[in-house]
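All remarks here apply to the structure that follows.
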Amino acid sequence: MQHAWNSYKKYAWGYNELCPRIQRPNIRSIFGASKTGATIIDAMDTLYIMGLKAEFDEGKNWIEKNFNLDDVDQHISVFETNIRFIGGFLSLYAMTGDPLFKNKAKYVADKLLPAFNTPTGIPYPNINFNNGIPHGTSSVLAEFGSLYLEFAYLSEITVEFIYKNVVDRIYRTLGEVHDKKNLFPTKINPVTGKWDYSQCSIGALGDSFYEYLLKIWIQSGYKDNEMREMFVNSMSSVIDRLVRKTKSGYTYISSLTKSRLNNVMEHLTCYTGGLFALAANVSINKRMTNKYQNLSYEITRTCHESYNQTRTGLGPESFFISQNGKLDASARFYLLRPETVESYFYLWRFTHDQRYRDWGWEIVEALEKHCRTPSGYAGVTDVNSFLVLSDDIQQSYFLAETLKYLYLLFSSDTLLPLNTWVFNTEAHPLPIMKKHHLKCIRQSIFT
Ligand code: DMJ
Numbered sequence: 016m017q018h019a020w021n022s023y024k025k026y027a028w029g030y031n032e033l034c035p036r037i038q039r040p041n042i043r044s045i046f047g048a049s050k051t052g053a054t055i056i057d058a059m060d061t062l063y064i065m066g067l068k069a070e071f072d073e074g075k076n077w078i079e080k081n082f083n084l085d086d087v088d089q090h091i092s093v094f095e096t097n098i099r100f101i102g103g104f105l106s107l108y109a110m111t112g113d114p115l116f117k118n119k120a121k122y123v124a125d126k127l128l129p130a131f132n133t134p135t136g137i138p139y140p141n142i143n144f145n146n147g148i149p150h151g152t153s154s155v156l157a158e159f160g161s162l163y164l165e166f167a168y169l170s171e172i173t174v175e176f177i178y179k180n181v182v183d184r185i186y187r188t189l190g191e192v193h194d195k196k197n198l199f200p201t202k203i204n205p206v207t208g209k210w211d212y213s214q215c216s217i218g219a220l221g222d223s224f225y226e227y228l229l230k231i232w233i234q235s236g237y238k239d240n241e242m243r244e245m246f247v248n249s250m251s252s253v254i255d256r257l258v259r260k261t262k263s264g265y266t267y268i269s270s271l272t273k274s275r276l277n278n279v280m281e282h283l284t285c286y287t288g289g290l291f292a293l294a295a296n297v298s299i300n301k302r303m304t305n306k307y308q309n310l311s312y313e314i315t316r317t318c319h320e321s322y323n324q325t326r327t328g329l330g331p332e333s334f335f336i337s338q339n340g341k342l343d344a345s346a347r348f349y350l351l352r353p354e355t356v357e358s359y360f361y362l363w364r365f366t367h368d369q370r371y372r373d374w375g376w377e378i379v380e381a382l383e384k385h386c387r388t389p390s391g392y393a394g395v396t397d398v399n400s401f402l403v404l405s406d407d408i409q410q411s412y413f414l415a416e417t418l419k420y421l422y423l424l425f426s427s428d429t430l431l432p433l434n435t436w437v438f439n440t441e442a443h444p445l446p447i448m449k450k451h452h453l454k455c456i457r458q459s460i461f462t
């Protein structure tokens with residue numbers, strides 16, 4: 016963490032991300048070339064839990080004096096801004112109680128509010144912070160479905176209902192435009208409410224929507240029964256339609272294109288090992304606990320195998336395991352992604368089976384060997400290559416998620432216990448509500 020942070024500080028301080036090899040800011044970051052400090056904000060809660068006080072103070076000082084979105088004159092993702100900036104600030108507020116972070120979270124959320132001004136309440140995918148004009152014709156399930164945890168908590172701490180109201184509206188609309196029996200398509204037009212039925216996925220474009228159904232129920236103090244129902248129904252469809260086993264005995268989760276199964280599993284889908292483990296552990300549906308538990312072991316084993324069989328020991332972006340048990344990597348790059356280690360973390364917490372720490376340590380070694388550069392960390396272009404080439408990007412989520420989950424994997428369970436905290440999809444922990452303070456109860460989703 017110190018190597019990643021110090022390198023970013025030396026070569027890209029204030030910019031969004033670092034290119035460690037050329038020792039320059041990543042001007043092609045999803046947040047653009049401006050100095051909006053995505054790496055600082057994403058990394059701060061990791062620094063905090065690691066007790067890196069000097070680095071934390073540097074970050075806080077930058078946030079206090081320099082953080083500003085007003086001049087960003089380009090289309091920026093509503094979702095990414097929410098999970099990394101708002102999620103990061105809210106976690107910091109929850110852990111430190113410092114009002115600076117609450118105010119910054121509110122400032123960013125206010126920048127996003129114009130995006131919700133659609134006939135359906137489903138937000139536009141992008142917004143220009145400089146002029147407040149939203150943009151885009153197609154909204155992605157994983158994106159508009161991963162706003163609730165942050166907006167609900169923001170309403171809680173500011174006692175301003177607007178944030179929770181806009182995200183409640185999304186789920187009311189979903190109740191109207193979906194039959195609640197089937198999987199959700201991954202795209203919808205936010206103006207007309209018409210779905211684009213071509214793809215269903217619990218990986219890319221769908222992933223954190225499903226993750227948030229479970230976590231919204233947890234965040235509500237296990238009270239939000241509509242979210243529970245949506246999660247349980249969705250998981251039945253996922254199990255029926257997307258979960259398969261290879262002839263060699265590896266369970267994997269695929270996606271559908273025009274109702275046809277794509278027989279690959281994505282790295283992004285590897286978070287589902289942790290998702291099913293969490294669902295089983297909080298007993299969201301007692302009848303399914305064993306099933307969820309088994310799936311969590313099986314999927315995590317498959318994802319481990321996707322790392323285990325490559326030359327670098329890093330997992331490919333997408334893969335299949337063939338009849339004879341051999342890994343076939345269909346997209347061979349590795350982007351410093353966290354999903355597999357995220358699953359190891361949950362499985363470790365729930366089982367204390369040493370194998371998950373051993374598997375996590377294998378990742379640490381592979382990262383040190385193939386991703387570490389003299390000035391930070393970067394992904395690799397081919398996990399199977401003899402000559403490993405770097406993609407030269409130190410993703411901000413590497414500090415927010417990959418390093419945090421690795422650290423937690425080797426820490427005591429009393430650090431961020433799972434009966435007190437729920438992690439957003441960028442690994443920023445938010446408190447589980449002990450009781451609902453809010454008077455603005457959502458009208459029923461299922462009318
Ligand atoms: C992260 O930004 C989040 O975990 C998101 O939900 C999915 N993709 C990246 C990491 O791979």
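Under the numbering used here, the first residue of the sequence shown is numbered 16, with each subsequent residue one higher.
A virtual CB, placed ideally from N, CA and C, is assigned to each residue, including glycine.
A quick note: this is a predicted structure, and the numbers were derived from the prediction, not measured.
query, result
"Between the CA atoms of Lys-80 and Thr-51 - distance to the nearest angstrom", "12 Å"
"Endpoints, alpha helix (DSSP H) assigned at Arg-259", "Taken as a continuous stretch (DSSP letters only), Arg-259 belongs to no alpha helix (DSSP H), being part of the beta strand (DSSP E) at 258 to 260."
"Cβ-Cβ distance between Thr-317 and Thr-266 below 8 Å", "yes"
"Rounded straight-line distance, which links the Cα of Phe-94 to that of Ser-411", "15 Å"
"Beta strand (DSSP E) segments (min. 3 residues) lying fully within the segment 70 to 130", "90 to 92"
"Tyr-122 beta carbon near ligand 1 (any heavy atom closer than 7 Å)", "no"
"Glu-241 versus Gln-38 - alpha carbon distance", "49 Å"
"Contact under 8 Å by Cβ, Ile-468 with Glu-165", "Any answer about residue 468 is impossible in this case: the structure gives the chain only from 16 up to 462."
"C-beta contact flag for Pro-138 and Pro-205 at 8 Å", "yes"
"Sequence-distant residues of its chain with Cβ nearer than 7 Å to Met-65 (five each side left out)", "Met-16, Tyr-422"
"8 Å Cβ cutoff met for Thr-173 and Lys-117", "yes"
"DSSP state of Trp-363 mapped onto helix, strand, coil", "helix"
"Identity of the residue in Trp-376, Tyr-392, Asn-439, Gly-391 nearest Leu-424 by Cα", "Trp-376"
"Three-state class that DSSP yields for Asn-141 in the structure shown", "strand"
"Closest by C-alpha distance to Ala-482, when choosing among Val-379, Tyr-212, Ile-217, Asn-97", "Because the chain is modelled from 16 through 462, residue 482 falls outside the range shown and cannot be assessed."
"Host alpha helix (DSSP H) of Val-192 (start-end)", "177 to 192"
"Element boundaries [beta strand (DSSP E), containing Ala-344]", "342 to 346"
"Any non-hydrogen atom of ligand 1 closer than 7 Å to Tyr-392 Cβ", "no"
"Distance cut-off 7 Å: Leu-283 Cβ against heavy atoms of ligand 1", "yes"
"Where the alpha helix (DSSP H) through Ile-64 begins and ends", "53 to 65"
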